[in-house]
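Comments concern the structure below.
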Amino acid sequence: MATDKQRYTVSVDSEMFQQIEDFRFERRFQTRSEATVELIRLGLEQLKKEQEEAKKAQKNTPYSDETE
(Lines of atoms letter the chains of each structure in order from A and count residues from 1; the text may use other names and numbers.)
(Lines give C-alpha, C1' and ligand atoms only; values in the text may rest on other atoms or scores of the structure.)
Protein backbone atom coordinates (compact mmCIF):
# COMPACT_ATOMS: atom_id res chain seq x y z
CA MET A 1 0.00 0.00 0.00
CA ALA A 2 1.70 3.15 -1.24
CA THR A 3 1.37 6.38 0.68
CA ASP A 4 2.60 9.93 0.24
CA LYS A 5 2.99 10.41 3.99
CA GLN A 6 6.43 11.05 5.42
CA ARG A 7 7.86 8.37 7.71
CA TYR A 8 10.32 8.51 10.55
CA THR A 9 11.18 6.58 13.67
CA VAL A 10 10.63 7.79 17.23
CA SER A 11 12.17 6.14 20.27
CA VAL A 12 10.39 6.47 23.62
CA ASP A 13 10.96 5.12 27.10
CA SER A 14 8.78 2.35 28.53
CA GLU A 15 6.51 4.73 30.44
CA MET A 16 5.71 6.87 27.40
CA PHE A 17 5.25 3.75 25.27
CA GLN A 18 2.64 2.49 27.75
CA GLN A 19 0.89 5.87 27.79
CA ILE A 20 0.66 5.78 23.98
CA GLU A 21 -0.66 2.21 24.10
CA ASP A 22 -3.26 3.18 26.73
CA PHE A 23 -4.36 6.14 24.60
CA ARG A 24 -4.53 3.89 21.55
CA PHE A 25 -6.78 1.33 23.20
CA GLU A 26 -8.96 3.89 25.01
CA ARG A 27 -9.61 5.72 21.74
CA ARG A 28 -9.77 2.48 19.70
CA PHE A 29 -7.10 3.38 17.15
CA GLN A 30 -6.22 0.41 14.96
CA THR A 31 -2.51 1.17 14.91
CA ARG A 32 0.05 2.73 17.21
CA SER A 33 0.98 5.06 14.35
CA GLU A 34 -2.56 6.46 14.15
CA ALA A 35 -2.60 7.04 17.89
CA THR A 36 0.81 8.72 17.82
CA VAL A 37 -0.22 11.02 14.97
CA GLU A 38 -3.34 12.02 16.92
CA LEU A 39 -1.29 12.76 20.03
CA ILE A 40 1.07 14.92 17.97
CA ARG A 41 -1.87 16.73 16.36
CA LEU A 42 -3.44 17.41 19.76
CA GLY A 43 -0.12 18.67 21.12
CA LEU A 44 0.42 21.00 18.17
CA GLU A 45 -3.11 22.38 18.50
CA GLN A 46 -2.50 23.07 22.20
CA LEU A 47 0.82 24.75 21.45
CA LYS A 48 -0.83 26.98 18.84
CA LYS A 49 -3.59 27.88 21.31
CA GLU A 50 -1.04 28.78 24.00
CA GLN A 51 0.95 30.92 21.54
CA GLU A 52 -2.19 32.78 20.47
CA GLU A 53 -3.15 33.39 24.11
CA ALA A 54 0.36 34.68 24.86
CA LYS A 55 0.12 37.11 21.94
CA LYS A 56 -3.25 38.37 23.18
CA ALA A 57 -1.88 38.80 26.69
CA GLN A 58 1.14 40.67 25.33
CA LYS A 59 -1.11 43.06 23.41
CA ASN A 60 -3.12 43.76 26.56
CA THR A 61 -0.05 44.45 28.70
CA PRO A 62 1.03 48.09 28.95
CA TYR A 63 4.62 48.84 28.06
CA SER A 64 6.86 48.44 31.07
CA ASP A 65 8.97 51.51 30.21
CA GLU A 66 6.03 53.94 30.21
CA THR A 67 5.69 56.31 33.15
CA GLU A 68 2.45 57.78 34.48
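Counting in the working numbering, the sequence shown runs from 602 upward without gaps. Glycine included, C-beta positions come from ideal geometry on N, C-alpha and C.
Pair within 9 Å by beta-carbon distance, residue i and residue j
| i | j | result |
| --- | --- | --- |
| A636 | F624 | yes |
| I641 | R633 | no |
| E616 | F630 | no |
Start-to-end residues for the alpha helix (DSSP H) that takes in residue i
| i | result |
| --- | --- |
| F626 | 615 to 628 |
| K565 | There is simply no residue 565 to check, as the chain begins at 602 and stops at 669 in what is shown. |
Heavy atom of the ligand FMN within 8 Å of residue i beta-carbon
| i | result |
| --- | --- |
| T610 | Although the ligand FMN was asked about, the structure shown includes no ligands whatsoever. |
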